[in-house]
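Enquirer: Here the numbering used here runs 36 ahead of the position in the sequence shown, where the first position is 1.
We put the beta carbon where it would ideally sit given N, CA and C, even for glycine.
Since the structure is predicted, the reported quantities are computational estimates derived from the model, not experimental observations.
Here it is: the structure, laid out below.
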Amino acid sequence: MEAVGVVGLGTMGAGIAEVFARAGLNVIGVEVDDAALERGRANLTASTDKAVRKGKLSDAERDEIVGRVSFTVERGDLADVDLVVEAVPEIMEWKRELFADLDRICKPSAVLATNTSSLSVTAIAATTSRPSQVVGMHFFNPAPIMGLVEVVRTVLTGDGVAEGVADLARRLDKTPVIVGDRAGFVVNRLLLGYLNHACVLLESGVATRDDIDTAMTKGAGLPMGPFTLLDLIGLDTSYEVINVLFGESRDRRHAPAPLLRELVSAGLLGRKAGHGFYGPDEEIVHDHGPKLATTSVCVIAPDDALVNELDAKGFKAVHADPADLSGVDADLVLAVSDRPVVEHAVRLSHPERLVGVHLAGPVAEVASTAVTSPEAARAARDLMRILKRTPIACKDRAEFVVNALLYPYLNDAVRMLDSGYASAEDIDTAMRLGCGYPAGPFETLDAIGPAAVRDGLRALYAEYREPAFNPAPLLDQFVTANLGFYESPPAAAKAG
Ligand code: CAA
37 MEAVGVVGLG TMGAGIAEVF ARAGLNVIGV EVDDAALERG RANLTASTDK AVRKGKLSDA
97 ERDEIVGRVS FTVERGDLAD VDLVVEAVPE IMEWKRELFA DLDRICKPSA VLATNTSSLS
157 VTAIAATTSR PSQVVGMHFF NPAPIMGLVE VVRTVLTGDG VAEGVADLAR RLDKTPVIVG
217 DRAGFVVNRL LLGYLNHACV LLESGVATRD DIDTAMTKGA GLPMGPFTLL DLIGLDTSYE
277 VINVLFGESR DRRHAPAPLL RELVSAGLLG RKAGHGFYGP DEEIVHDHGP KLATTSVCVI
337 APDDALVNEL DAKGFKAVHA DPADLSGVDA DLVLAVSDRP VVEHAVRLSH PERLVGVHLA
397 GPVAEVASTA VTSPEAARAA RDLMRILKRT PIACKDRAEF VVNALLYPYL NDAVRMLDSG
457 YASAEDIDTA MRLGCGYPAG PFETLDAIGP AAVRDGLRAL YAEYREPAFN PAPLLDQFVT
517 ANLGFYESPP AAAKAG
């Protein structure tokens with residue numbers, strides 16, 4: 037394969053054209069009119085210029101890459117290419133019309149691929165006279181950087197076609213995962229449910245935009261927080277994908293958050309529109325330096341770890357047994373817990389002084405109950421900063437922020453595995469390379485421990501009664517059998 041076509045040169049299309057050109061292929065980029073073509077050219081130039089600035093390309097390499105891409109408004113110029121990748125907006129009517137046209141124009145041996153993130157590849161294939169040569173070739177934003185391509189095979193795809201496209205993806209230095217035609221494939225089905233859930237938490241005031249983003253980058257180690265990522269993907273695209281997921285799953289977790297619809301209706305589509313959850317050049321506001329007035333601190337915790345940390349910083353910290361809070365009389369009471377703490381508050385003579393603390397790596401989730409005073413919450417956050425932890429202000433809700441977002445995503449991954457759609461290895465590879473996650477969901481499950489995740493999900497279910505938070509039956513089975521997703525024998529068998 038030497039020549040490919042890319043139709044639609046928006047963010048994704050221009051990125052895909054760049055990926056092909058980097059691998060030495062000649063690319064014909066097609067747009068609807070001259071203005072769109074110029075925008076496509078500008079997208080390609082901006083991305084390759086950035087690569088030069090980052091030291092990833094020399095000036096000469098950049099010129100060579102850009103030189104391999106020709107630009108046209110004539111679809112007829114695609115007559116001799118071996119593959120076309122379509123990257124036009126997610127509107128089925130546009131795709132159908134385009135594929136019917138490409139079917140007429142392209143030589144019979146050419147493969148027609150769609151970069152759709154949400155629409156049915158089967159329905160697109162069915163509009164052509166060559167459905168056996170139509171596949172999904174789904175790249176991730178930013179296409180030149182993210183290492184994954186989902187190759188979507190339909191029931192109509194011919195033998196060897198998806199494998200051929202997977203080989204091409206390897207030539208592009210990407211890792212392919214071949215999957216069937218289900219809404220969202222692997223990555224979007226797991227990712228968008230989580231992003232939508234983050235919108236629901238924001239909308240219900242569990243934490244702020246900046247705190248949720250910081251919690252997920254610093255506390256869960258993800259490369260971007262959910263709102264920064266939504267802005268990158270585009271709120272309109274995200275909304276469409278979530279809507280399509282809902283159409284197939286009828287799962288309330290996939291009912292688009294009203295906030296998302298509102299922002300899309302207002303034209304706040306994210307980075308490409310200059311404004312989404314974040315405004316232009318707006319950055320996460322990091323909290324100002326600590327100015328703590330509190331002197332005495334009481335810590336309700338299963339151990340002395342936090343008391344010792346506070347002592348070392350010169351605070352008068354005492355430990356209280358959760359079973360007996362009668363004598364507690366401190367300016368600030370910290371209840372270290374991974375569950376809501378309001379039941380401790382109601383047993384204190386000053387319930388407004390109690391704040392929940394949940395430590396998640398370098399992050400400290402600082403939870404206010406319905407009766408916590410703003411002063412106490414502020415003092416607890418200051419204290420965490422003095423202890424060199426990043427405080428995340430949140431409400432006293434099951435699993436607070438990090439685990440409330442992480443555990444349902446892990447549960448979704450287990451359900452996907454159980455459905456036979458993809459293997460644990462493929463799901464892990466897809467999330468690591470498609471989203472830059474430090475680990476895939478099954479690696480994460482093994483690291484946290486399936487039992488802890490199952491218990492967290494039970495707590496979430498008990499609080500929100502959301503059916504999708506109910507632990508997946510397969511997760512329950514792994515816990516009961518004392519199995520990790522990647523090792524074999526149960527601990528008991530190993531011991532024997
Ligand atoms: N060309 C080549 N390389 C580039 C580049 C370019 N234009 N721009 C940046 N890079 C390189 C950098 O040199 C750097 O490389 P090293 O790690 O080797 O140094 C790397 O890419 C990261 O770049 P930066 O340091 O500038 O940027 P960053 O640290 O802020 O990371 C990011 C940016 C890679 C996008 C990272 O934040 C990330 O992985 N985010 C997650 C993105 C994601 O989830 N995408 C999937 C969205 S879902 C989707 O797209 C599917 C859909 O259908 C909706």
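For histidine 174 and serine 153, I'd like the C-alpha separation in whole angstroms.
Expert: For the purposes of this step, residue 174 is taken as residue 138 along the sequence shown, with counting starting at 1. For the purposes of this step, residue 153 is taken as residue 117 along the sequence shown, with counting starting at 1. Computed Cα separation, rounded: 7 angstroms.
Enquirer: Name the residue from Ala466, Gly392, Ala460 whose alpha carbon lies nearest to the alpha carbon of valine 437.
Expert: Taking the sequence shown and counting its residues from 1, one reaches residue 437 at position 401. Of the listed residues, the one whose Cα sits closest to valine 437 is Gly392.
Enquirer: So who's on the other strand from lysine 352, going by DSSP bridges?
Expert: On the sequence shown, position 316 is the one that residue 352 refers to. In DSSP, lysine 352 forms a bridge with Ser332.
Enquirer: According to DSSP, simplified to helix, strand and coil, what is serine 154?
Expert: What you label residue 154 is simply residue 118 of the sequence shown in a count that begins at 1. Three-state DSSP puts serine 154 in coil, outside helix and strand.
Enquirer: Give me the Cα-Cα distance between arginine 132 and alanine 371, rounded to the nearest whole angstrom.
Expert: Here residue 132 corresponds to residue number 96 of the sequence shown, with the count starting at 1. Here residue 371 corresponds to residue number 335 of the sequence shown, with the count starting at 1. Cα to Cα, the separation comes out at about 58 angstroms.
Enquirer: Closest to threonine 164 by C-alpha separation, out of Phe176, Ile181, Lys143, would be which residue?
Expert: Start at 1 with the first residue of the sequence shown, and residue 164 comes out as number 128. Threonine 164 has its Cα closest to that of Lys143, out of Phe176, Ile181, Lys143.
Enquirer: With a floor of 4 residues, list each alpha helix (DSSP H) that falls wholly inside the stretch 245-274, ordered by position along the chain.
Expert: Fully enclosed alpha helix (DSSP H) runs of 4 or longer: 245-250, 262-269.
Enquirer: For the alpha helix (DSSP H) that contains threonine 480, what are its first and last residues?
Expert: On the sequence shown, position 444 is the one that residue 480 refers to. Threonine 480 -> alpha helix (DSSP H) spans 477-484.
Enquirer: Should asparagine 506 and tyrosine 497 be called a contact, given that it needs their Cβ atoms to be closer than 8 angstroms?
Expert: Within the sequence shown, residue 506 is the residue found at index 470, counting from 1. Within the sequence shown, residue 497 is the residue found at index 461, counting from 1. Yes, Cβ-Cβ distance for asparagine 506 and tyrosine 497 is below 8 angstroms.
Enquirer: Are there any heavy atoms of the ligand CAA lying less than 7 angstroms away from the beta-carbon of leucine 281, as far as the coordinates show?
Expert: The residue labelled residue 281 in the question sits at position 245 within the sequence shown. Leucine 281: no, Cβ never under 7 angstroms from the ligand CAA.
Enquirer: Taking any heavy atom of the ligand CAA as the mark, which residues have a C-beta closer than 5 angstroms to it, listed down the chain?
Expert: Here the list is Ser83, Lys86, Ala87, Lys90, Lys92, Ser153, Phe176, Asn177, Pro180, Ile181, Pro259, Met260, Ile269, Cys471, Gly472.
Enquirer: Secondary structure at threonine 108, three-state DSSP: helix, strand or coil?
Expert: As a first step, residue 108 must be located in the sequence shown, where it is residue number 72. The answer is strand: DSSP assigns threonine 108 an E or B state.
Enquirer: Just curious, the beta strand (DSSP E) that glycine 216 is in, first and last residue?
Expert: Reading the sequence shown from its first residue, position 180 is the one you call residue 216. Unbroken beta strand (DSSP E) run through glycine 216: 211-216.
Enquirer: Between the C-alpha atoms of proline 427 and lysine 254, what's the straight-line distance to the nearest angstrom?
Expert: As a first step, residue 427 is located in the sequence shown; it is residue number 391 there, counting from the start. As a first step, residue 254 is located in the sequence shown; it is residue number 218 there, counting from the start. Whole-angstrom Cα-Cα distance: 10 angstroms.
Enquirer: Taking DSSP's pairing of strands, which residues face proline 427 in a bridge?
Expert: As a working note, residue 427 is residue 391 in the sequence shown. For proline 427, which the question treats as bridged, DSSP gives the partners Ala400.
Enquirer: When you compare only the Cα positions, how much space is there between leucine 227 and arginine 417?
Expert: One-based indexing of the sequence shown puts residue 227 at position 191. One-based indexing of the sequence shown puts residue 417 at position 381. Approximately 30 angstroms, taken between the alpha carbons.
Enquirer: Between Val450, Arg468, Met467, which lies nearest to valine 515 when the distance is taken from Cα to Cα?
Expert: Reading the sequence shown from its first residue, position 479 is the one you call residue 515. Closest by alpha carbon: Val450.
Enquirer: Look at the alpha carbon of tryptophan 130 and the alpha carbon of glutamate 318, and state the distance between them as a whole number of angstroms.
Expert: The residue you call residue 130 lines up with position 94 of the sequence shown. The residue you call residue 318 lines up with position 282 of the sequence shown. One C-alpha to the other measures close to 34 angstroms.
Enquirer: Looking only at its own chain, which residues have a Cβ that is under 7 angstroms from the Cβ of aspartate 512, when we skip the five neighbours before and after it?
Expert: Locating residue 512 in the sequence shown gives position 476, where the first residue counts as 1. Result list for aspartate 512: Arg490, in chain order.
Enquirer: With which residues is asparagine 224 paired in a DSSP beta bridge?
Expert: Your numbering for residue 224 matches position 188 in the sequence shown. Asparagine 224 pairs with nothing; no bridge assigned.
Enquirer: Label methionine 210 either buried or exposed according to how many other C-beta atoms from any shown protein chain fall within 10 Å of its C-beta, with 16 as the threshold for buried.
Expert: Taking the sequence shown and counting its residues from 1, the one referred to as residue 210 is at position 174. Note on residue identity: the sequence assigns lysine, not methionine, to residue 210. So lysine 210 ends up on the buried side.
Enquirer: Out of Lys349, Ala50, Val42, which one is the CA nearest neighbour of isoleucine 181?
Expert: For the purposes of this step, residue 181 is taken as the residue at position 145 of the sequence shown. Looking at the Cα atoms, Ala50 is the closest of the given residues.
Enquirer: For tyrosine 522, count neighbouring Cβ atoms within 10 angstroms of its own Cβ and tell me buried if that reaches 16, exposed if not.
Expert: Here residue 522 refers to the residue found at position 486 of the sequence shown. So tyrosine 522 ends up on the exposed side.
Enquirer: In whole angstroms, what is the alpha-carbon distance linking threonine 264 and leucine 299?
Expert: Mapped onto the sequence shown, residue 264 falls at position 228. Mapped onto the sequence shown, residue 299 falls at position 263. Near 14 angstroms, if we compare the C-alpha coordinates of leucine 299 and threonine 264.
Enquirer: Just mark valine 382 as buried or exposed, buried being the case when its beta carbon has 16 or more other beta carbons within 10 Å.
Expert: By one-based count along the sequence shown, residue 382 stands at place 346. Counting Cβ neighbours within 10 Å, valine 382 comes out exposed, since fewer than 16 surround it.
Enquirer: What's the call for threonine 331, buried or exposed, on a 16-neighbour Cβ count within 10 Å?
Expert: Along the sequence shown, one-based indexing puts residue 331 at 295. With fewer than 16 other Cβ atoms within 10 Å, it is exposed.
Enquirer: Work out the CA separation of arginine 494 and aspartate 249 for me, nearest whole Å.
Expert: Reading the sequence shown from its first residue, position 213 is the one you call residue 249. Reading the sequence shown from its first residue, position 458 is the one you call residue 494. Cα to Cα, aspartate 249 sits roughly 24 angstroms from arginine 494.
Enquirer: Assign alanine 302 to one of two classes, buried (16 or more other C-beta atoms within 10 Å of its C-beta) or exposed (fewer than that).
Expert: Position 266 of the sequence shown, counted from the start, is the residue given in the question as residue 302. Flag for alanine 302 reads exposed.
Enquirer: Mark glutamate 74 as exposed unless 16 or more other C-beta atoms lie within 10 angstroms of its C-beta, in which case mark it buried.
Expert: For the purposes of this step, residue 74 is taken as residue 38 along the sequence shown, with counting starting at 1. With fewer than 16 Cβ atoms within 10 Å of its Cβ, glutamate 74 is classed as exposed.
Enquirer: Could you check what DSSP says for glutamate 186 in three-state terms: helix, strand or coil?
Expert: Locating residue 186 in the sequence shown gives position 150, counting from the first residue. Glutamate 186 falls in the strand class under three-state DSSP.
Enquirer: Between the alpha carbons of glycine 76 and valine 102, how many angstroms are there, rounded?
Expert: For the purposes of this step, residue 76 is taken as residue 40 along the sequence shown, with counting starting at 1. For the purposes of this step, residue 102 is taken as residue 66 along the sequence shown, with counting starting at 1. Using only the alpha carbons, I get a separation of about 12 angstroms.
Enquirer: If you count every other CB in all the chains shown that lies within 10 Å of the CB of proline 474, and 16 or more means buried, which is it?
Expert: If you number the sequence shown from 1, residue 474 lands on position 438. So proline 474 ends up on the exposed side.
Enquirer: Should the stretch 465-474 be called in touch with the stretch 279-295, which here means at least 3 C-beta pairs below 8 angstroms?
Expert: No, because fewer than three Cβ pairs between the stretch 465-474 and the stretch 279-295 fall closer than 8 angstroms, the two stretches do not touch.
Enquirer: Using the three-state DSSP reduction, which class does glycine 65 fall into: helix, strand or coil?
Expert: Here the question's residue 65 lines up with position 29 in the sequence shown. The answer is strand: DSSP assigns glycine 65 an E or B state.
Enquirer: What's the C-alpha gap between proline 292 and proline 509?
Expert: By one-based count along the sequence shown, residue 292 stands at place 256. By one-based count along the sequence shown, residue 509 stands at place 473. Rounded to the nearest angstrom, the two C-alpha atoms are 26 angstroms apart.
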